[in-house]
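Enquirer: Taken in sequence, the protein lines are chains A and B. The first sequence begins at 4 in this note's numbering and counts up one residue at a time. The second sequence begins at 4 in this note's numbering and counts up one residue at a time.
Protein chains: 2
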Amino acid sequence: MRVSELVERTGIPLATIKYYLREGLLMPGTATSATQAVYGEHHVRRLALIRALTEVVGLTVQKAGEVIRLIDSPEPDLFETLGKAVAALPPYLDDLADDYPRARAALERIGQVYDPEYAAVGQFERALAAAEAVGLPMSEERLDGYASHVMGIAEIDIGGVPAESPGSAVEYAVLGTAIYEPILAAMRRLAHQDLASRRLAAGSTSEQ
Amino acid sequence: MRVSELVERTGIPLATIKYYLREGLLMPGTATSATQAVYGEHHVRRLALIRALTEVVGLTVQKAGEVIRLIDSPEPDLFETLGKAVAALPPYLDDLADDYPRARAALERIGQVYDPEYAAVGQFERALAAAEAVGLPMSEERLDGYASHVMGIAEIDIGGVPAESPGSAVEYAVLGTAIYEPILAAMRRLAHQDLASRRLAAGSTSEQ
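Structure follows, in structure tokens:
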């Protein structure tokens, strides 16, 4: 299809498509003359992915580009590729520490394998420090309880990883990490409400 | 203690303390003359709470004030008070809908009691719509699996609610909801890494 059809199919303005082409997020079309090219279904799918990463997940075009480069050219080690791709998601740590003592102690306690360079280790450290700062430090009981349920959730997630190609695994890992996180946060708040309504027996205002 | 000692004890500047007094976040001290007042330990604790809500959780002073008013004057119905207090936390929905069909269907499927006015219902709807938008809609299997683990997490949370007073329950609900959310998000990313490293058997780069 011509680029004008690509605009029509996706609803993405021509200037934006040209910008994605220049930045390498969208692969070039097949040139048919010095000034024209044709595009296929994989361009439509790629534009949907760019929109998912930028408009829905909220990444900058630069961060979306990092993910897309990893989808297009996964490194030989898929484990490292997945780690780098997920690190393109917020939260971003501006102050990288040499050590993450709280996160390390917690991960050792729950017996998980982890790469100390992985962005989530720093995120975990910062979140644990914040809990201490407000006077609600993670207890060992809470850590153990959370860990077993979180592992159950992660098993559901990992069960859905597509096996076709490393690129599709990277795409699923990034989108799935980002998209199901707010779902889980909302579900937790709703579960609190369900439990609170049952415990407080405030039936008159809470029942459907 | 004099206000100068309160500044020293908490490290919060005098101008900020005066601002919190004016805005009603900090309760007045006991007047000892027309221009002087003395403050107690409850002022120190309150300033720590204000700092937790604003600096650690990241609320605006206005949103922190909403939480503090609910702590100081909980409504007769604790269930409603808790819902309003947790609604002071992000994410905020700027476009309130009349109906949340995806959230409603999901909550009915998993059999939870919920108040349709509760902010988390709208958050759940928006998160479910985002999953659809990126081509990863919540399947019933995922919903059921998530729901049972999230309920397990929520039971741990609810088990920690202090019973001394409605105000302390409100404080715990707001801080605990906010503070443990990023911990759970980081733990999920780390659990993915643990499972991926085991499944991919990429032992050379992933083992500690």
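Glycine included, each C-beta is placed from N, C-alpha and C at the ideal position.
Are the Cβ atoms of A:L139 and B:L203 separated by less than 9 Å?
Expert: Taking the first residue of the first sequence as 1, we reach residue 139 of chain A at position 136. Taking the first residue of the second sequence as 1, we reach residue 203 of chain B at position 200. Not in contact: A:L139 and B:L203 (Cβ atoms no closer than 9 Å).
Enquirer: Taking one C-beta from the region 154–173 of chain A and one from the region 86–106 of chain B each time, how about it: are there three or more such pairs within less than 8 Å?
Expert: As far as the Cβ criterion goes, the region 154–173 of chain A does not touch the region 86–106 of chain B, which means the pair count is below three.
Enquirer: Is A:D118 buried or exposed, if buried means 16 or more other CB atoms sit within 10 Å of its CB?
Expert: Within the first sequence, numbered from 1, the residue matching residue 118 of chain A stands at position 115. Burial call: buried.
Enquirer: Only counting runs of 4 or more residues, tell me where the alpha helix (DSSP H) segments fall wholly within the region 138–167 of chain A, in order along the chain.
Expert: Fully enclosed alpha helix (DSSP H) runs of 4 or longer: 143–162.
Enquirer: Name the residues in the region 57–88 of chain B whose C-beta lies less than 9 Å from a C-beta of chain A; which are they?
Expert: Answer set for the region 57–88 of chain B: E58, V59, V60, D80, L81, F82, E83, L85, G86.
Enquirer: How would you label A:T180, buried or exposed, when you count the other beta carbons within 10 angstroms and need 16 or more for buried?
Expert: Position 177 of the first sequence holds residue 180 of chain A. It counts as buried.
Enquirer: Does chain A have any CB closer than 9 Å to the CB of B:I161?
Expert: Numbered from 1 along the second sequence, position 158 holds the residue referred to as residue 161 of chain B. Yes, its Cβ sits closer than 9 Å to a Cβ of chain A.
Enquirer: Would B:Y95 be called buried (16 or more neighbouring beta carbons within 10 Å of its own) or exposed?
Expert: As a working mapping, residue 95 of chain B is identified with position 92 in the second sequence. So B:Y95 ends up on the exposed side.
Enquirer: Between which two residues does the alpha helix (DSSP H) harbouring B:P16 extend?
Expert: For the purposes of this step, residue 16 of chain B is taken as the residue at position 13 of the second sequence. Element bounds for B:P16: n/a, residue is neither H nor E.
Enquirer: Please confirm if the region 6–25 of chain B is in contact with the region 140–154 of chain B, defined as three or more CB-CB distances below 8 Å between the two stretches.
Expert: Counting Cβ pairs under 8 Å, fewer than three are found: no touch.
Enquirer: Do A:G138 and the ligand ADP come close, with the Cβ less than 8 Å from some heavy atom?
Expert: What this structure holds is no ligand at all, so the ligand ADP is not there to describe.
Enquirer: Could you please tell me which residues of the region 181–200 of chain B, in chain order, have their CB closer than 9 Å to any CB of chain A?
Expert: Of all residues in the region 181–200 of chain B, A181, I182, Y183, E184, P185, I186, L187, A188, A189, M190, R191, R192, L193, A194, H195, Q196, D197, L198, A199, S200 have a Cβ within less than 9 Å of some Cβ in chain A.
Enquirer: List the residues of chain B whose Cβ lies closer than 8 Å to the Cβ of A:G148, in chain order.
Expert: Mapped onto the first sequence, residue 148 of chain A falls at position 145. The contacting residues are G155, I156, I159.
Enquirer: Which residues bound the alpha helix (DSSP H) around A:V47?
Expert: As a first step, residue 47 of chain A must be located in the first sequence, where it is residue number 44. Counting along the chain, the alpha helix (DSSP H) containing A:V47 begins and ends at 44–54.
Enquirer: Just to confirm, is the Cβ distance from A:L193 to B:A123 under 9 Å?
Expert: Position 190 of the first sequence, counted from the start, is the residue given in the question as residue 193 of chain A. Position 120 of the second sequence, counted from the start, is the residue given in the question as residue 123 of chain B. Cβ atoms of A:L193 and B:A123: closer than 9 Å.
Enquirer: Between A:L85 and A:A172, is the Cβ-Cβ spacing less than 9 Å?
Expert: As a position in the first sequence, residue 85 of chain A is number 82, starting the count at 1. As a position in the first sequence, residue 172 of chain A is number 169, starting the count at 1. Result yes, Cβ atoms of A:L85 and A:A172 sit closer than 9 Å.
Enquirer: Is A:E210 close to chain B? Criterion is C-beta to C-beta, closer than 9 Å.
Expert: Reading the first sequence from its first residue, position 207 is the one you call residue 210 of chain A. Because A:E210 sits at a pLDDT of 42, beneath the cut-off of 50, its placement in the model cannot be relied upon, and the point is left open.
Enquirer: My output table needs one value for A:R5: the three-state DSSP class, helix, strand or coil.
Expert: Translated into the one-based positions of the first sequence, residue 5 of chain A becomes position 2. DSSP places A:R5 in coil when its eight states are reduced to three.
Enquirer: Between B:Y121, B:A108, B:L73, which has its C-alpha nearest B:A132's C-alpha?
Expert: Reading the second sequence from its first residue, position 129 is the one you call residue 132 of chain B. Closest by alpha carbon: B:A108.
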